[in-house]
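Residue numbers (the working numbering), protein chains in the order written: chain H, 1 to 276; chain P, 1 to 305.
First up is the structure itself, then whatever we jot down about it.
Structure (structure tokens):
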């Protein structure tokens, strides 16, 4: 077919090769991550929804402010309003996180990946790390952009927030951290369930559906759920005001991180033990 | 060098691989032959650390695959050419594999050149034909310039030109001193490519032999005879120790255990007229089928051999 030689040196005369490292696996996962189109689209959706939806909600809420009740004015939260889009955008992160490993199972790529890197824990760790870092960067950009756009639209119609106000900078930065934790959770869930639809459905249920169901429960049930449910607790990091039966920002985020670590540990153990 | 000791893989109540021991030596192409469902792929998956053996062990170069420090530089494998992300470009697919083992980017261009895929390197994998996909899989196996190569049914989906190319490549790789293990369910394919054969059926090792020996030992020779006194000749042959089976007509018999010269002399001595006397040599394919006929997993209803 071609006259090219297969080996540059032949197998017996090769220079001693170095062992594969975790940094190699990180580079490999970065290539995988940037070389599929779903990455670009999911991150675009994250930014567009986060900033765009935040802008629409901010403008609408600011215009309604003057006619709202006194109690509504009392609980007016300009930061929360501008970040409302980020909560919806987080769903794109869940989808991309689950897909980036479960699509390897549905395509069979996982076998190729695990033959290349038989130390399986490295594959999971590299995937989670690459995706968490990208999500953190994109998340911070989205949260800050949503904040500035939102406050610009609110100012003149209603009281607006500034980064220097108490708790505001922490809440905006916290948005990126919350998304990064969610990113690790999604990758772990994808590795655990190995099926795109199952992974997305289960993670969505944890993030979105179960907390909504809890709202319908009697107080004695609802309060501990809203306080300790991992994603609810973690979201405290992203809000300036805290209602009753919620954890403080950092302890709340700690609860979420603990949950993510447990799911990750289960995913890691099963990945290592199951036949691929 | 690949060595297996008492390899067993059980899925629930199914015994996929049953007490398999072998060693595969460098410098030759070893054919891994067996009917579909015989356990070839399962064995290869265990060699590559994808499946854990229920019992026993298998090593590559003396080490378990999962303990290799830079696996792609020691073992190149093609299990399933479709096991890739269809949305990724051929070049990026190879690049992400190369990166994982610290293989330089320039080697990706080299292997694309070796398999003749430079012109479609920017194409997404799902846009590649079956044959091009197979070449891409072979390219990924060659990335690390490994001393051990494992290919599962590499000629599947290739046109005659491609099949010839793969055969030549396997032989070249072996001639360079590498260990080459190639699976196939086609004996005729193995006869052209392999030097040595591992034959398995229903997860058990049936033969571990050179291709030449395999053909000689298992190709059964028989003699086809047509005679108006077929029944009389059959009785004489049986007395002489041969096995006789009825043929396609009342005057046709198939004799095994006696060569055509002896049958002819026997007939002459008893004044039996012969219309046809034909020595029949079993083909490789028949030899293989005969060897594995008790171990075929799936067979059409009513089909007997």
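Beta carbons are placed, not taken as given, at the ideal position from N, Cα and C, and that holds for glycine.
Fair warning: this is a prediction, and the values are worked out from it, not measured in the lab.
Hey, how far is the Cα of residue i from the Cα of residue j?
i              : j              : result
residue 62(H)  : residue 69(H)  : 13 Å
residue 256(H) : residue 246(H) : 13 Å
residue 268(H) : residue 179(H) : 21 Å
residue 307(P) : residue 90(P)  : Past the edges of chain P, shown from 1 to 305, lies residue 307(P), and the structure says nothing about it.
residue 32(H)  : residue 156(H) : 46 Å
residue 187(P) : residue 34(P)  : 9 Å
residue 138(H) : residue 228(H) : 27 Å
residue 218(H) : residue 212(H) : 13 Å
residue 87(P)  : residue 103(H) : 11 Å
residue 26(H)  : residue 77(H)  : 40 Å
residue 267(P) : residue 215(P) : 30 Å
residue 66(H)  : residue 158(H) : 7 Å
residue 102(P) : residue 141(P) : 15 Å
residue 163(H) : residue 149(H) : 13 Å
residue 154(H) : residue 96(H)  : 32 Å
residue 172(H) : residue 80(H)  : 9 Å
residue 23(P)  : residue 209(H) : 55 Å
residue 183(H) : residue 25(P)  : 46 Å
residue 354(H) : residue 29(H)  : The structure shown has nothing for residue 354(H), since chain H only spans 1 to 276.
residue 364(H) : residue 91(H)  : Chain H is shown only over 1 to 276; residue 364(H) falls outside these bounds and no answer can be derived.
residue 59(P)  : residue 164(P) : 31 Å
Please look up how many angstroms separate the CB atoms of residue i and residue j, rounded, as I've assumed it's under 8 Å.
i              : j              : result
residue 146(H) : residue 86(H)  : 6 Å
residue 46(P)  : residue 7(P)   : 6 Å
residue 139(P) : residue 112(P) : 6 Å
residue 53(P)  : residue 116(H) : 21 Å between Cβ atoms; not a contact.
residue 31(P)  : residue 193(P) : 7 Å
residue 230(P) : residue 251(P) : 5 Å
residue 227(P) : residue 273(P) : 6 Å
residue 189(P) : residue 155(P) : 6 Å
residue 85(P)  : residue 36(H)  : 6 Å
Taking 8 Å as the cut-off, decide whether the C-beta atoms of residue i and residue j are in contact.
i              : j              : result
residue 20(P)  : residue 277(P) : no
residue 39(H)  : residue 93(H)  : no
residue 257(P) : residue 248(P) : no
residue 232(P) : residue 245(P) : no
residue 51(P)  : residue 82(P)  : no
residue 51(H)  : residue 142(H) : yes
residue 83(H)  : residue 175(H) : yes
residue 153(P) : residue 184(P) : yes
residue 27(P)  : residue 147(P) : no
residue 130(H) : residue 203(H) : no
residue 249(H) : residue 122(H) : no
residue 198(P) : residue 150(P) : no
residue 203(P) : residue 18(P)  : yes
residue 65(P)  : residue 118(H) : yes
residue 20(H)  : residue 69(P)  : yes
residue 99(P)  : residue 115(P) : no
residue 76(P)  : residue 144(P) : yes
residue 43(H)  : residue 88(H)  : no
residue 191(H) : residue 101(H) : yes
For residue i, count the other beta carbons within 10 Å of its own beta carbon; 16 or more makes it buried, fewer makes it exposed. Which is it?
i              : result
residue 41(H)  : exposed
residue 2(H)   : For residue 2(H), the predicted structure reports a pLDDT of 42, less than 50, and the residue's modelled location is therefore unreliable. The matter cannot be settled from this model.
residue 107(H) : buried
residue 291(P) : buried
residue 272(H) : exposed
residue 236(H) : buried
residue 186(H) : buried
residue 285(P) : exposed
residue 74(H)  : exposed
residue 221(H) : exposed
residue 109(H) : buried
residue 275(P) : exposed
residue 127(H) : buried
residue 11(H)  : Here the model assigns residue 11(H) a pLDDT of 47, short of 50, so the residue's position is not dependable, and the following value carries that caveat. Counting Cβ neighbours within 10 Å, residue 11(H) comes out buried, since at least 16 surround it.
residue 235(P) : exposed
residue 1(P)   : exposed
residue 18(H)  : exposed
residue 42(P)  : buried
residue 200(H) : buried
residue 23(H)  : exposed
residue 242(H) : exposed
residue 127(P) : exposed
In chain order, each beta strand (DSSP E) run of at least 3 residues that lies wholly inside the segment 4-77 of chain P: 14-24, 28-33 and 55-60
Every unbroken alpha helix (DSSP H) within the segment 121-153 of chain P, with a cutoff of 4 residues, ordered by chain: 130-142
4 or more residues per run - each alpha helix (DSSP H) lying fully within the segment 29-85 of chain H: 37-48, 54-65, 70-74 and 78-82
Complete runs of the alpha helix (DSSP H) confined to the segment 118-171 of chain H [at least 4 residues]: 120-154
Length-filtered (3 minimum) beta strand (DSSP E) runs lying within the segment 201-250 of chain P: 204-210, 221-226 and 243-246
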